[in-house]
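Everything below concerns the one structure shown next.
Chains as they are written, first to last, in my numbering: chain D, 52 to 295; chain V, 2 to 419.
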């Protein structure tokens, strides 16, 4: 039975070091459907404390950290980076992402801080054989979501919380329904931020999301008792996803 | 017949560009995580809600009716005659509410949600006292205790609203105070520190954190849920408008009065459902000119940086208006949604000196028989300026957000009436 919702794992490239990061990728490949690889930066501005820590402690910063994954990921993956960091060398960044085999580049700050550069982003995606994808917040303007669909994105990523890894009392069911309804199956909707329990995943599956991203929860398990615990978390969520 | 709306309006759904997310600073613990400890949970949800229309609970609607909603909508014919203008001037009057200003609309909603979370006390800051009085009334109506940190300068110079807050059962403290570590530090440096709204916010938050299970913090402006609650004003206006306005004008402190009054109409314009010709004018004080002179950037809404950063027009979190300023609208920043609308040119901003503002207030008082709050008088000044130059038939609508019956000090100080 093929999963109807993708389980996606976020990892910051080269955290805590190159070897362990590559081991994480290899080990978790058997459990997840896709990876989101964060490019370590000095300023992970829209991330929560756990992901920020991984950026600070990654062995390599910037685009060089991405190069280590070339040929090492057996599943589909997208690159996550802040547009702000690559304003002056977009071509090099897109070229590297394309060379290592990424399907797309997710810039969480693109629509918030560089809204007038969406067309440029789209053109670069086309130039380098990548598909566009977009990050939106839980209070994103409806018409602008409709506009994004015209780019035929690989997916739209809805941040369920104010930032990664922090759970606020937000009625996520309502927000997912709103954006699911606007997207109307015209592109996959994947969701992330502060998802950690099987019941979170069960709820999201009922809402027919197309992908669920796990990030901070995995990293916290890894910090607490190693890769084995992180893997157990993923397996517990995988069971829920396989059961849908 | 005009009735109290059943829903609030959330302009985030209709903005031409998205609202930038709240953000933690680079250093220190997560301020975003802190929100769960200080704010009522439903307010956090509303802050991050994608819903265009948010249902107003029946109990809040019922309290809105008890306090006098819908508020009146009038034509200022005497003012028109005095100015010799052929423009038609209308105003919504929030000063009839028991607090004397629009602030009560969100105070009731916020106290209701705090009580829903089991809180016994609601805590907030105030400067001139309008917000503190509104929270005190809301707490009294909903059977709660209000704790108010009032900027020390206002605590001393404006005893009227302080006394009324105390009559309503609130505990009012001059800020900086000895109740918080932040306040103590400031008092050590300067025992006569005049305080500021930002400092009072910081003290309120720290005070709530001392007993988060019993206390909730209620912010008076800037947060998007505050603007959402205030949209009862604009939604009523939509039913009361006799004709489509050329101008809608309101004053801006943090933006809740302006947003509440205009957003339902701006929303219709953005959705191309009408109001194509309407211009929206935000009027601020030259003593705190964030929209006309501020920078659009991430900044803390409070001086001590306890709260998460929001992207807005700001003068910097440490900004303190000149001591001579007496006409309100002192806050350093403007709500993120309003900041976006100004940045995109959908809302135009102007700033005035307090002397010209208070003269305009006097003209309105003499012609319409209502003493406006100094804050609201900023809008009146803009109305007068526009009406004088307007072509015949121009329609101007403004929000008279509060009365000035307790602002004799500002009138006395600025107009020199002893």
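For glycine and all other residues, C-beta sits at the position ideal for the given N, C-alpha and C.
Taking the alpha-carbon positions, what's the residue 247(V) to residue 384(V) distance?
-> One-based indexing of the second chain puts residue 247(V) at position 246. One-based indexing of the second chain puts residue 384(V) at position 383. Roughly 12 Å between the two C-alpha positions.
Which residues bound the alpha helix (DSSP H) around residue 93(D)?
-> Sequence index remark: in the first chain, residue 93(D) carries index 42 (1-based). Segment: none, residue 93(D) is in no alpha helix (DSSP H) and carries neither H nor E.
Buried versus exposed call for residue 67(V) [16 or more other C-beta atoms within 10 Å across all chains shown] | Along the second chain, one-based indexing puts residue 67(V) at 66. Answer is exposed; the Cβ neighbour count stays below 16.
Check distances from the C-beta atoms of the region 31–46 of chain V to those of chain D and list, in chain order, the residues that come in under 7 Å.
-> Taking 7 Å as the Cβ-Cβ cut-off, the region 31–46 of chain V approaches chain D at 31, 33, 34, 36, 37, 42, 45, 46, given in chain order.
For residue 166(V), is the classification buried or exposed, using 16 other Cβ atoms within 10 angstroms of its Cβ as the cut-off for buried?
-> Counting from one through the second chain, the residue named residue 166(V) turns up at place 165. That one is buried.
Contact set for residue 61(D): own chain, Cβ-Cβ below 6 Å, skip 5 residues either direction | Walking along the first chain from the start, residue 61(D) turns up at place 10. Once the five neighbours on either side are set aside, the close Cβ partners of residue 61(D) are 87, 264, 266.
Beta-carbon of residue 226(D) versus every beta-carbon of chain V: anything under 8 Å?
-> Counted from its first residue, the first chain places residue 226(D) at position 175. Yes, contact with chain V.
Three-way DSSP call (helix, strand, coil) for residue 106(D) in this model | Locating residue 106(D) in the first chain gives position 55, counting from the first residue. In the structure shown, residue 106(D) sits in a helix (DSSP, three-state: H, G or I).
What does a CB cutoff of less than 6 Å around residue 361(V) pick up in its chain, not counting 5 residues either side in sequence?
-> Sequence index remark: in the second chain, residue 361(V) carries index 360 (1-based). Closer than 6 Å at the Cβ level, and outside the excluded window around residue 361(V), lie 378, 381, 382, 385.
Nearest residue (CA-CA) to residue 77(D), options 282(D), 209(D), 97(D) = Here the question's residue 77(D) lines up with position 26 in the first chain. For residue 77(D), the nearest C-alpha among the options comes from 282(D).
Proximity to residue 173(V) [Cα-Cα], best of 366(V), 205(V), 104(V) = Position 172 of the second chain, counting from 1, holds the residue named residue 173(V). Out of 366(V), 205(V), 104(V), 205(V) has the C-alpha closest to the C-alpha of residue 173(V).
State the DSSP-derived secondary structure class of residue 186(D), mapped to helix, strand or coil.
-> Here residue 186(D) refers to the residue found at position 135 of the first chain. Of the three classes helix, strand and coil, the one that applies to residue 186(D) here is strand, per DSSP.
Measure the alpha-carbon distance for residue 53(D) versus residue 159(D) and round it to whole angstroms.
-> Within the first chain, residue 53(D) is the residue found at index 2, counting from 1. Within the first chain, residue 159(D) is the residue found at index 108, counting from 1. Model confidence at residue 53(D) stands at a pLDDT of 46, short of 50, so the residue's coordinates are unreliable and nothing is read from them.
Relative to the alpha-carbon of residue 23(V), which residue among 212(D), 91(D), 129(D) has its alpha-carbon at the smallest distance?
-> Taking the first residue of the second chain as 1, we reach residue 23(V) at position 22. Out of 212(D), 91(D), 129(D), 212(D) has the C-alpha closest to the C-alpha of residue 23(V).
Write down the C-beta distance between residue 260(V) and residue 228(V) rounded to the nearest angstrom, noting that I regard them as a contact closer than 8 Å.
-> Position 259 of the second chain, counted from the start, is the residue given in the question as residue 260(V). Position 227 of the second chain, counted from the start, is the residue given in the question as residue 228(V). Confirmed, Cβ separation roughly 4 Å.
Paired residues, beta bridge with residue 350(V) - DSSP | Here residue 350(V) is taken as the residue at index 349 of the second chain, counted from 1. Beta bridge pairing from DSSP links residue 350(V) with 283(V).
Rounded to whole angstroms, what's the CA-CA distance from residue 4(V) to residue 276(V)? Just pull it up for me.
-> Start at 1 with the first residue of the second chain, and residue 4(V) comes out as number 3. Start at 1 with the first residue of the second chain, and residue 276(V) comes out as number 275. If you take the alpha carbons of residue 4(V) and residue 276(V), they lie about 22 Å apart.
For residue 206(D), the residue or residues it bridges with in DSSP = Mapped onto the first chain, residue 206(D) falls at position 155. Residue pairing from DSSP leaves residue 206(D) without any beta-bridge partner.
When the cut-off is 8 Å and only beta carbons count, does residue 74(V) lie next to chain D?
-> Here residue 74(V) refers to the residue found at position 73 when the second chain is read from its first residue. Output row for residue 74(V): interface = no.
For residue 411(V), which residues of its own chain have a beta-carbon under 6 Å away from its beta-carbon, when the five flanking residues on both sides are left out?
-> Position 410 of the second chain holds residue 411(V). So the list reads 327, 328, 375, once near-sequence residues are dropped.
How would you list, in chain order, the residues of chain D whose beta-carbon sits under 9 Å from the beta-carbon of residue 15(V)?
-> Within the second chain, the letter at position 14 stands for residue 15(V). Per Cβ cutoff of 9 Å: 192, 193, 194.
Just to confirm, are residue 234(D) and residue 208(D) a CB contact at a threshold of 8 Å?
-> Translated into the one-based positions of the first chain, residue 234(D) becomes position 183. Translated into the one-based positions of the first chain, residue 208(D) becomes position 157. No. Outside cutoff.
Would you say residue 20(V) faces chain D, with C-beta separation under 8 Å as the test?
-> Taking the first residue of the second chain as 1, we reach residue 20(V) at position 19. At least one chain D Cβ lies under 8 Å of residue 20(V).
Counting only the same chain and skipping the five closest in sequence on each side, list residues whose C-beta sits under 6 Å from that of residue 71(D).
-> Translated into the one-based positions of the first chain, residue 71(D) becomes position 20. So the list is empty, once near-sequence residues are dropped.
Give me the Cα-Cα distance between residue 36(V) and residue 308(V), rounded to the nearest whole angstrom.
-> Taking the first residue of the second chain as 1, we reach residue 36(V) at position 35. Taking the first residue of the second chain as 1, we reach residue 308(V) at position 307. Each residue's alpha carbon lies about 8 Å from the other.
Looking at the C-beta of residue 184(D), does it have a partner C-beta in chain V at a distance below 8 Å?
-> Start at 1 with the first residue of the first chain, and residue 184(D) comes out as number 133. Answer no: the Cβ-Cβ gap between residue 184(D) and chain V never drops below 8 Å.
Note the first and the last residue of the continuous alpha helix (DSSP H) segment covering residue 365(V).
-> Mapped onto the second chain, residue 365(V) falls at position 364. Taken as a continuous stretch (DSSP letters only), the alpha helix (DSSP H) holding residue 365(V) covers 355–369.
Go ahead and pull the three-state DSSP assignment for residue 199(V).
-> Here residue 199(V) refers to the residue found at position 198 of the second chain. In this structure, residue 199(V) counts as helix in the three-state DSSP scheme.
Kindly indicate which residue of 148(V), 398(V), 129(V) has the alpha-carbon position closest to the one of residue 122(V).
-> Translated into positions along the second chain, residue 122(V) becomes position 121. Comparing Cα positions, the closest option is 148(V).
N- and C-terminal bounds of the beta strand (DSSP E) containing residue 59(D) = Here residue 59(D) refers to the residue found at position 8 when the first chain is read from its first residue. Run containing residue 59(D): 57–63, per the beta strand (DSSP E) assignment.
Backbone CA spacing between residue 188(D) and residue 146(V) [nearest angstrom] = Against the first chain, residue 188(D) aligns to sequence position 137. Against the second chain, residue 146(V) aligns to sequence position 145. Residue 188(D) and residue 146(V): Cα-Cα distance of roughly 36 Å.
What is the DSSP secondary structure of residue 180(V), counted as helix, strand or coil?
-> Counting from 1 along the second chain, the entry for residue 180(V) is found at position 179. For residue 180(V), the secondary structure class from DSSP, reduced to helix, strand or coil, is coil.
Taking 8 Å as the CB-CB cut-off, is residue 49(V) touching chain A?
-> Absent here is chain A; the protein component of the structure consists of chains D and V.
Among residues of its own chain, excluding the 5 on either side of residue 147(D), which ones have a beta-carbon nearer than 6 Å to its beta-carbon?
-> Within the first chain, residue 147(D) is the residue found at index 96, counting from 1. Counting only Cβ-Cβ distances below 6 Å, and skipping sequence neighbours, we find 114, 117.
Through-space distance from residue 417(V) to residue 13(V), alpha-carbon basis | As a position in the second chain, residue 13(V) is number 12, starting the count at 1. As a position in the second chain, residue 417(V) is number 416, starting the count at 1. Distance between the alpha carbons of residue 13(V) and residue 417(V): 44 Å.
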